[in-house]
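Start counting the sequence shown at 0; every next residue gets the next number (numbering that gives the first Met the number 0).
Note that CB positions come from ideal geometry on N, CA and C, so glycine has one too.
Computed from a predicted model, the values in this text were never measured in an experiment.
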Amino acid sequence: MARRGENIYKRKDGRWEGRSLNKNGKYHYFYARTYREVKEKMKDFKEDNISKTSVKSNNATELFLCWLTGEVSMRVKPSTYESYYRCVYKHIIPFFTKKEHNNITKESVSSFVKYIRENDTLADTSKKKIFSIFKIALKEILKASPQLHELLDLIKLPNTECGEVQVFTTKEQQKIEQGVLKCDDSSAIGIILCFYTGIRLGELCALKWDDIDIESGTMSIMRTVSRIRVFENNDSKTALHIGVPKSRKSIRKIPLPEFLLKLLINSSLYNGTNNYFLFTGNDTPYDPRRFQNLFKRILKDNKIADRKFHTIRHTFATRALELGVDIKTVSELLGHSGVSITLNVYAHSLMEHKKAAISKFNNLYIMNTQEAPFAVDYSVLNLESMCL
(Lines of atoms letter the chains of each structure in order from A and count residues from 1; the text may use other names and numbers.)
(Lines give C-alpha, C1' and ligand atoms only; values in the text may rest on other atoms or scores of the structure.)
Protein backbone atom coordinates (compact mmCIF):
# COMPACT_ATOMS: atom_id res chain seq x y z
CA MET A 1 0.00 0.00 0.00
CA ALA A 2 1.22 3.51 -0.81
CA ARG A 3 2.21 5.90 1.93
CA ARG A 4 -0.39 8.55 2.64
CA GLY A 5 -0.98 10.84 -0.33
CA GLU A 6 1.87 9.35 -2.40
CA ASN A 7 2.22 7.00 -5.37
CA ILE A 8 5.23 5.23 -3.87
CA TYR A 9 5.08 1.50 -3.21
CA LYS A 10 7.39 -1.23 -1.95
CA ARG A 11 7.62 -4.06 -4.48
CA LYS A 12 7.75 -7.75 -3.68
CA ASP A 13 11.39 -7.85 -4.82
CA GLY A 14 12.30 -5.35 -2.07
CA ARG A 15 12.75 -2.33 -4.33
CA TRP A 16 10.69 0.86 -4.11
CA GLU A 17 8.61 2.04 -7.07
CA GLY A 18 7.31 5.56 -7.63
CA ARG A 19 4.76 6.73 -10.20
CA SER A 20 4.26 10.25 -11.50
CA LEU A 21 1.41 11.22 -13.82
CA ASN A 22 2.44 12.80 -17.12
CA LYS A 23 0.49 15.38 -19.14
CA ASN A 24 -0.86 12.61 -21.41
CA GLY A 25 -2.52 10.88 -18.44
CA LYS A 26 0.06 8.05 -18.28
CA TYR A 27 2.55 7.28 -15.52
CA HIS A 28 6.31 7.79 -15.51
CA TYR A 29 7.98 5.17 -13.28
CA PHE A 30 10.95 5.52 -10.90
CA TYR A 31 12.85 2.74 -9.12
CA ALA A 32 15.35 2.71 -6.24
CA ARG A 33 16.51 0.61 -3.30
CA THR A 34 15.01 2.94 -0.69
CA TYR A 35 11.88 5.04 -0.27
CA ARG A 36 13.96 8.22 0.16
CA GLU A 37 15.84 7.67 -3.14
CA VAL A 38 12.61 7.20 -5.09
CA LYS A 39 11.10 10.33 -3.55
CA GLU A 40 14.19 12.37 -4.45
CA LYS A 41 14.09 11.12 -8.06
CA MET A 42 10.42 12.03 -8.36
CA LYS A 43 10.98 15.46 -6.82
CA ASP A 44 13.88 16.23 -9.21
CA PHE A 45 11.82 15.08 -12.19
CA LYS A 46 8.85 17.26 -11.25
CA GLU A 47 10.96 20.34 -10.48
CA ASP A 48 12.73 19.93 -13.84
CA ASN A 49 9.39 19.73 -15.65
CA ILE A 50 8.04 22.78 -13.82
CA SER A 51 11.11 24.89 -14.60
CA LYS A 52 11.05 23.84 -18.28
CA THR A 53 7.39 24.70 -18.60
CA SER A 54 7.83 28.07 -16.87
CA VAL A 55 10.77 28.98 -19.11
CA LYS A 56 9.01 27.99 -22.33
CA SER A 57 5.94 30.18 -22.06
CA ASN A 58 3.08 31.47 -20.01
CA ASN A 59 0.76 29.04 -21.76
CA ALA A 60 -2.12 28.51 -19.33
CA THR A 61 -2.93 24.98 -20.44
CA GLU A 62 0.66 23.82 -20.00
CA LEU A 63 0.94 25.48 -16.60
CA PHE A 64 -2.26 23.92 -15.26
CA LEU A 65 -1.29 20.48 -16.59
CA CYS A 66 2.19 20.83 -15.11
CA TRP A 67 0.65 21.71 -11.74
CA LEU A 68 -1.75 18.76 -11.93
CA THR A 69 0.97 16.25 -12.79
CA GLY A 70 3.52 17.79 -10.44
CA GLU A 71 4.01 17.59 -6.70
CA VAL A 72 0.29 17.91 -5.99
CA SER A 73 -0.23 14.36 -7.34
CA MET A 74 1.99 13.05 -4.54
CA ARG A 75 0.87 15.41 -1.78
CA VAL A 76 -2.91 15.00 -1.69
CA LYS A 77 -5.10 11.98 -1.05
CA PRO A 78 -6.07 9.95 -4.17
CA SER A 79 -9.74 10.88 -3.75
CA THR A 80 -8.80 14.59 -3.56
CA TYR A 81 -6.53 14.25 -6.58
CA GLU A 82 -9.38 12.75 -8.56
CA SER A 83 -11.45 15.88 -7.80
CA TYR A 84 -8.57 18.08 -8.98
CA TYR A 85 -8.18 15.97 -12.14
CA ARG A 86 -11.88 16.17 -13.04
CA CYS A 87 -12.04 19.91 -12.42
CA VAL A 88 -8.93 20.72 -14.46
CA TYR A 89 -9.86 18.55 -17.45
CA LYS A 90 -13.60 19.32 -17.44
CA HIS A 91 -13.64 23.06 -16.68
CA ILE A 92 -10.24 24.79 -16.54
CA ILE A 93 -8.44 23.30 -19.56
CA PRO A 94 -11.39 23.64 -22.01
CA PHE A 95 -11.67 27.34 -21.14
CA PHE A 96 -7.97 28.23 -21.29
CA THR A 97 -7.32 26.35 -24.56
CA LYS A 98 -9.31 29.07 -26.33
CA LYS A 99 -6.99 31.43 -28.17
CA GLU A 100 -8.24 34.57 -26.42
CA HIS A 101 -7.63 33.01 -22.96
CA ASN A 102 -4.39 31.17 -23.72
CA ASN A 103 -2.36 32.98 -21.04
CA ILE A 104 -3.01 33.55 -17.34
CA THR A 105 -3.86 37.24 -17.14
CA LYS A 106 -6.23 39.48 -15.23
CA GLU A 107 -8.61 39.43 -18.20
CA SER A 108 -8.56 35.64 -18.66
CA VAL A 109 -9.06 34.95 -14.94
CA SER A 110 -11.96 37.44 -14.79
CA SER A 111 -13.51 35.83 -17.85
CA PHE A 112 -13.19 32.35 -16.34
CA VAL A 113 -14.84 33.48 -13.10
CA LYS A 114 -17.69 35.07 -15.06
CA TYR A 115 -18.02 31.96 -17.27
CA ILE A 116 -18.40 29.64 -14.26
CA ARG A 117 -20.72 32.00 -12.37
CA GLU A 118 -23.08 32.29 -15.34
CA ASN A 119 -23.12 28.56 -16.07
CA ASP A 120 -26.69 27.57 -15.18
CA THR A 121 -25.91 23.85 -15.50
CA LEU A 122 -23.66 24.00 -12.42
CA ALA A 123 -24.97 24.02 -8.85
CA ASP A 124 -23.60 26.64 -6.45
CA THR A 125 -21.73 23.93 -4.54
CA SER A 126 -20.04 22.81 -7.79
CA LYS A 127 -19.07 26.40 -8.64
CA LYS A 128 -17.57 26.83 -5.18
CA LYS A 129 -15.56 23.64 -5.60
CA ILE A 130 -14.25 24.72 -9.03
CA PHE A 131 -13.20 28.14 -7.73
CA SER A 132 -11.48 26.58 -4.70
CA ILE A 133 -9.40 24.23 -6.89
CA PHE A 134 -8.70 27.06 -9.35
CA LYS A 135 -7.34 29.22 -6.50
CA ILE A 136 -5.17 26.38 -5.17
CA ALA A 137 -3.69 25.89 -8.65
CA LEU A 138 -3.02 29.60 -9.19
CA LYS A 139 -1.34 29.95 -5.78
CA GLU A 140 1.21 27.28 -6.71
CA ILE A 141 1.63 28.21 -10.38
CA LEU A 142 2.12 31.94 -9.69
CA LYS A 143 3.69 31.79 -6.23
CA ALA A 144 6.63 33.94 -7.37
CA SER A 145 4.51 36.37 -9.39
CA PRO A 146 3.70 39.88 -8.07
CA GLN A 147 0.30 39.52 -9.79
CA LEU A 148 -0.79 36.60 -7.60
CA HIS A 149 -2.81 38.48 -4.95
CA GLU A 150 -4.43 40.70 -7.55
CA LEU A 151 -5.61 37.63 -9.49
CA LEU A 152 -6.80 35.77 -6.39
CA ASP A 153 -8.92 38.79 -5.41
CA LEU A 154 -10.90 38.29 -8.61
CA ILE A 155 -12.10 34.87 -7.46
CA LYS A 156 -14.94 35.32 -5.01
CA LEU A 157 -16.45 32.07 -3.77
CA PRO A 158 -20.26 32.05 -4.06
CA ASN A 159 -22.27 31.93 -0.87
CA THR A 160 -23.70 28.43 -0.63
CA GLU A 161 -26.30 28.43 2.09
CA CYS A 162 -27.22 24.93 3.16
CA GLY A 163 -30.85 24.17 2.41
CA GLU A 164 -32.90 21.94 4.66
CA VAL A 165 -31.38 18.47 4.41
CA GLN A 166 -33.47 15.40 3.69
CA VAL A 167 -34.12 13.05 6.61
CA PHE A 168 -36.21 9.95 7.16
CA THR A 169 -39.28 10.31 9.35
CA THR A 170 -39.46 8.17 12.49
CA LYS A 171 -41.98 5.85 10.79
CA GLU A 172 -39.75 5.53 7.70
CA GLN A 173 -36.75 4.75 9.88
CA GLN A 174 -38.72 2.04 11.72
CA LYS A 175 -39.78 0.45 8.42
CA ILE A 176 -36.19 0.47 7.14
CA GLU A 177 -34.87 -1.10 10.35
CA GLN A 178 -37.54 -3.81 10.19
CA GLY A 179 -36.66 -4.39 6.53
CA VAL A 180 -32.98 -4.77 7.47
CA LEU A 181 -33.76 -7.40 10.12
CA LYS A 182 -35.79 -9.39 7.57
CA CYS A 183 -33.18 -9.01 4.81
CA ASP A 184 -31.39 -12.16 3.60
CA ASP A 185 -28.09 -10.23 3.38
CA SER A 186 -26.51 -9.94 6.83
CA SER A 187 -24.44 -6.95 5.66
CA ALA A 188 -27.63 -4.89 5.80
CA ILE A 189 -27.00 -4.51 9.56
CA GLY A 190 -24.59 -1.79 8.52
CA ILE A 191 -27.61 0.39 7.69
CA ILE A 192 -28.82 0.20 11.30
CA LEU A 193 -25.25 0.87 12.45
CA CYS A 194 -25.29 4.13 10.46
CA PHE A 195 -28.72 5.14 11.82
CA TYR A 196 -27.37 5.00 15.40
CA THR A 197 -23.80 6.31 14.90
CA GLY A 198 -24.02 8.69 11.91
CA ILE A 199 -20.87 7.35 10.24
CA ARG A 200 -20.25 7.91 6.52
CA LEU A 201 -20.66 5.17 3.92
CA GLY A 202 -16.91 4.94 3.24
CA GLU A 203 -16.21 4.69 6.99
CA LEU A 204 -18.81 1.92 7.29
CA CYS A 205 -17.23 -0.16 4.49
CA ALA A 206 -13.76 0.25 6.05
CA LEU A 207 -14.72 -1.09 9.49
CA LYS A 208 -12.75 -4.03 10.88
CA TRP A 209 -13.62 -6.16 13.90
CA ASP A 210 -10.51 -4.65 15.51
CA ASP A 211 -12.34 -1.32 15.52
CA ILE A 212 -15.15 -2.66 17.74
CA ASP A 213 -14.22 -2.69 21.42
CA ILE A 214 -16.86 -4.93 22.99
CA GLU A 215 -15.68 -4.35 26.58
CA SER A 216 -15.83 -0.55 26.43
CA GLY A 217 -18.75 -0.55 23.99
CA THR A 218 -17.05 1.79 21.51
CA MET A 219 -16.25 1.86 17.80
CA SER A 220 -13.14 3.52 16.35
CA ILE A 221 -13.22 5.21 12.94
CA MET A 222 -9.69 4.89 11.56
CA ARG A 223 -10.04 4.63 7.76
CA THR A 224 -12.38 5.04 4.83
CA VAL A 225 -12.99 3.21 1.56
CA SER A 226 -13.67 5.00 -1.71
CA ARG A 227 -13.82 4.04 -5.36
CA ILE A 228 -11.45 6.24 -7.36
CA ARG A 229 -10.23 6.44 -10.91
CA VAL A 230 -7.07 4.56 -11.86
CA PHE A 231 -4.84 6.86 -13.93
CA GLU A 232 -2.77 4.09 -15.52
CA ASN A 233 -4.34 4.63 -18.95
CA ASN A 234 -6.80 6.99 -20.56
CA ASP A 235 -9.77 4.84 -19.60
CA SER A 236 -12.46 5.02 -16.96
CA LYS A 237 -11.28 2.13 -14.77
CA THR A 238 -11.81 2.52 -11.04
CA ALA A 239 -10.50 0.68 -7.99
CA LEU A 240 -11.24 0.54 -4.27
CA HIS A 241 -8.90 2.69 -2.22
CA ILE A 242 -8.40 2.47 1.53
CA GLY A 243 -7.36 5.81 2.97
CA VAL A 244 -7.60 8.09 5.96
CA PRO A 245 -10.97 9.65 6.90
CA LYS A 246 -12.14 12.98 5.50
CA SER A 247 -10.44 15.19 8.11
CA ARG A 248 -8.34 14.92 11.28
CA LYS A 249 -11.50 15.23 13.40
CA SER A 250 -13.03 12.33 11.45
CA ILE A 251 -10.66 9.93 13.22
CA ARG A 252 -12.80 9.39 16.30
CA LYS A 253 -14.23 6.96 18.85
CA ILE A 254 -18.01 6.53 19.01
CA PRO A 255 -19.91 4.90 21.91
CA LEU A 256 -22.29 2.18 20.69
CA PRO A 257 -25.80 1.54 22.05
CA GLU A 258 -25.99 -1.78 23.90
CA PHE A 259 -28.59 -3.24 21.52
CA LEU A 260 -26.28 -2.52 18.56
CA LEU A 261 -23.34 -4.36 20.13
CA LYS A 262 -25.54 -7.41 20.72
CA LEU A 263 -26.87 -7.22 17.17
CA LEU A 264 -23.34 -7.23 15.73
CA ILE A 265 -22.02 -10.03 17.95
CA ASN A 266 -25.04 -12.26 17.36
CA SER A 267 -25.02 -11.70 13.59
CA SER A 268 -23.57 -14.18 11.09
CA LEU A 269 -20.92 -11.56 10.28
CA TYR A 270 -19.07 -12.18 13.54
CA ASN A 271 -16.32 -14.77 13.04
CA GLY A 272 -13.81 -13.80 15.72
CA THR A 273 -11.12 -12.80 13.20
CA ASN A 274 -10.32 -9.30 14.37
CA ASN A 275 -8.07 -8.13 11.53
CA TYR A 276 -10.66 -8.79 8.81
CA PHE A 277 -13.13 -6.28 7.45
CA LEU A 278 -16.46 -6.45 9.23
CA PHE A 279 -18.74 -6.84 6.18
CA THR A 280 -16.63 -9.16 4.01
CA GLY A 281 -14.95 -11.45 6.55
CA ASN A 282 -11.62 -11.15 4.71
CA ASP A 283 -8.87 -8.62 3.97
CA THR A 284 -10.81 -6.91 1.16
CA PRO A 285 -13.16 -4.06 2.10
CA TYR A 286 -16.83 -3.96 1.16
CA ASP A 287 -17.56 -1.99 -2.00
CA PRO A 288 -19.55 1.20 -1.21
CA ARG A 289 -21.51 0.71 -4.44
CA ARG A 290 -22.75 -2.66 -3.20
CA PHE A 291 -23.98 -1.05 0.02
CA GLN A 292 -25.77 1.65 -1.95
CA ASN A 293 -27.51 -0.98 -4.10
CA LEU A 294 -28.51 -2.98 -1.01
CA PHE A 295 -29.87 0.18 0.60
CA LYS A 296 -31.89 1.05 -2.53
CA ARG A 297 -33.35 -2.47 -2.60
CA ILE A 298 -34.49 -2.22 1.05
CA LEU A 299 -36.13 1.16 0.36
CA LYS A 300 -37.94 -0.26 -2.65
CA ASP A 301 -39.05 -3.45 -0.86
CA ASN A 302 -40.49 -1.37 2.00
CA LYS A 303 -42.18 1.16 -0.31
CA ILE A 304 -40.11 4.14 0.87
CA ALA A 305 -39.21 7.00 -1.48
CA ASP A 306 -35.72 6.75 -2.95
CA ARG A 307 -33.06 8.71 -1.05
CA LYS A 308 -29.28 8.88 -1.00
CA PHE A 309 -27.42 6.72 1.52
CA HIS A 310 -26.11 9.94 3.10
CA THR A 311 -29.69 10.67 4.22
CA ILE A 312 -29.08 8.17 7.04
CA ARG A 313 -26.28 10.38 8.40
CA HIS A 314 -28.55 13.44 8.27
CA THR A 315 -31.26 11.45 10.04
CA PHE A 316 -28.89 10.49 12.88
CA ALA A 317 -27.85 14.11 13.43
CA THR A 318 -31.45 15.35 13.35
CA ARG A 319 -32.64 12.65 15.79
CA ALA A 320 -29.75 13.50 18.14
CA LEU A 321 -30.71 17.18 18.17
CA GLU A 322 -34.39 16.27 18.65
CA LEU A 323 -33.38 14.21 21.70
CA GLY A 324 -31.61 17.22 23.18
CA VAL A 325 -27.99 16.22 22.48
CA ASP A 326 -25.86 19.38 22.49
CA ILE A 327 -24.43 20.62 19.19
CA LYS A 328 -20.77 20.14 20.24
CA THR A 329 -21.35 16.44 20.98
CA VAL A 330 -23.25 15.94 17.71
CA SER A 331 -20.40 17.60 15.80
CA GLU A 332 -17.79 15.31 17.40
CA LEU A 333 -19.89 12.18 16.80
CA LEU A 334 -20.24 13.12 13.13
CA GLY A 335 -16.52 13.85 12.81
CA HIS A 336 -17.03 17.37 11.45
CA SER A 337 -13.90 19.51 11.29
CA GLY A 338 -15.69 22.24 13.26
CA VAL A 339 -18.96 23.01 15.05
CA SER A 340 -19.74 25.71 12.46
CA ILE A 341 -20.27 23.01 9.80
CA THR A 342 -22.79 21.23 12.03
CA LEU A 343 -24.54 24.51 12.80
CA ASN A 344 -24.85 25.39 9.10
CA VAL A 345 -26.04 21.97 7.92
CA TYR A 346 -28.56 21.32 10.69
CA ALA A 347 -29.93 24.82 11.23
CA HIS A 348 -33.45 23.51 10.53
CA SER A 349 -33.22 21.11 13.50
CA LEU A 350 -31.77 23.78 15.76
CA MET A 351 -34.77 25.99 14.96
CA GLU A 352 -36.97 23.44 16.76
CA HIS A 353 -34.67 23.80 19.80
CA LYS A 354 -35.06 27.57 19.65
CA LYS A 355 -38.86 27.29 19.45
CA ALA A 356 -38.89 24.97 22.46
CA ALA A 357 -36.68 27.39 24.40
CA ILE A 358 -38.89 30.37 23.60
CA SER A 359 -42.03 28.45 24.58
CA LYS A 360 -40.49 28.12 28.07
CA PHE A 361 -40.26 31.92 28.23
CA ASN A 362 -43.92 32.05 27.23
CA ASN A 363 -44.82 29.73 30.13
CA LEU A 364 -42.68 31.84 32.47
CA TYR A 365 -44.54 35.00 31.46
CA ILE A 366 -47.93 33.37 32.03
CA MET A 367 -46.85 32.12 35.45
CA ASN A 368 -45.50 35.55 36.48
CA THR A 369 -48.49 37.56 35.30
CA GLN A 370 -51.37 35.25 36.09
CA GLU A 371 -53.42 36.48 39.06
CA ALA A 372 -54.62 33.93 41.58
CA PRO A 373 -58.45 33.67 41.56
CA PHE A 374 -58.55 34.02 45.40
CA ALA A 375 -56.09 36.05 47.46
CA VAL A 376 -56.44 33.58 50.34
CA ASP A 377 -54.68 30.90 48.27
CA TYR A 378 -51.30 32.58 48.71
CA SER A 379 -51.76 33.22 52.44
CA VAL A 380 -52.72 29.59 53.01
CA LEU A 381 -49.71 28.41 51.06
CA ASN A 382 -47.39 30.75 53.03
CA LEU A 383 -48.85 29.54 56.34
CA GLU A 384 -48.34 25.91 55.33
CA SER A 385 -44.74 26.59 54.27
CA MET A 386 -44.02 28.28 57.64
CA CYS A 387 -45.38 25.30 59.49
CA LEU A 388 -43.15 23.01 57.46
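N-terminal and C-terminal residue of the beta strand (DSSP E) that residue i is part of
i: GLY337; result: Per DSSP, GLY337 belongs to no beta strand (DSSP E) and is neither H nor E.
i: LYS252; result: 251 to 254
Span of the alpha helix (DSSP H) around residue i
i: ARG312; result: 310 to 321
i: ILE132; result: 123 to 140
i: VAL71; result: 71 to 74
i: THR390; result: Not covered by the structure: residue 390. The range shown for the chain is 0 to 387.
i: ARG85; result: 77 to 86
i: LEU260; result: 257 to 264
i: PRO93; result: 92 to 95
Three-state secondary structure assigned by DSSP to residue i
i: LYS55; result: Since pLDDT at LYS55 reaches only 45, below the 50 mark, its modelled position is unreliable, and the value read off the structure follows with that caveat. The answer is helix: DSSP assigns LYS55 an H, G or I state.
i: GLY280; result: coil
i: ASN102; result: strand
i: ASP152; result: coil
i: ALA238; result: strand
i: VAL224; result: strand
i: ARG14; result: coil
i: ASP183; result: coil
i: LYS207; result: strand
i: PHE194; result: helix
i: LEU293; result: helix
i: ILE188; result: helix
i: ASP212; result: strand
i: THR168; result: coil
i: TYR114; result: helix
i: ILE303; result: coil
Among the options, nearest to residue i - alpha-carbon criterion
i: LYS38; options: TRP15, GLU331 and CYS193; result: TRP15
i: PRO287; options: ARG116, LEU332 and HIS240; result: HIS240
i: TYR114; options: ASN102, THR124 and PHE130; result: PHE130
i: GLU321; options: LYS128, PHE308, GLU351 and THR196; result: GLU351
i: ILE132; options: LYS105, LYS89 and ASP119; result: LYS89
i: THR104; options: LEU67, VAL71, GLU149 and SER19; result: GLU149
i: THR68; options: SER19, ALA304, LYS98 and LYS40; result: SER19
For residue j and residue i, believed in contact at Cβ under 8 Å, the rounded distance
i: ILE190; j: ILE175; result: 7 Å
i: GLY216; j: LEU255; result: 5 Å
i: LYS134; j: LEU147; result: LYS134 to LEU147, Cβ: 10 Å. No contact.
i: PHE278; j: LEU268; result: 7 Å
(request) State whether the segment 9 to 19 contacts the segment 28 to 37, with contact taken as three or more CB pairs (one from each stretch) at a distance under 8 Å. (result) yes
(message) For the structure I just gave you, are there three or more beta carbon pairs, one from the segment 174 to 189 and one from the segment 217 to 232, closer than 8 Å?
(response) no
(message) Would the segment 304 to 321 count as touching the segment 165 to 173 if we require 3 or more Cβ pairs under 8 Å?
(response) yes
(request) Take every Cβ of the segment 196 to 209, pair it with every Cβ of the segment 341 to 352, and state whether three or more of those distances are shorter than 8 Å. (result) no
(message) Taking contact to mean 3 or more Cβ pairs, one atom from each stretch, closer than 8 Å, check whether the segment 134 to 146 and the segment 56 to 73 are in contact.
(response) yes
(request) State whether the segment 114 to 123 contacts the segment 78 to 87, with contact taken as three or more CB pairs (one from each stretch) at a distance under 8 Å. (result) no
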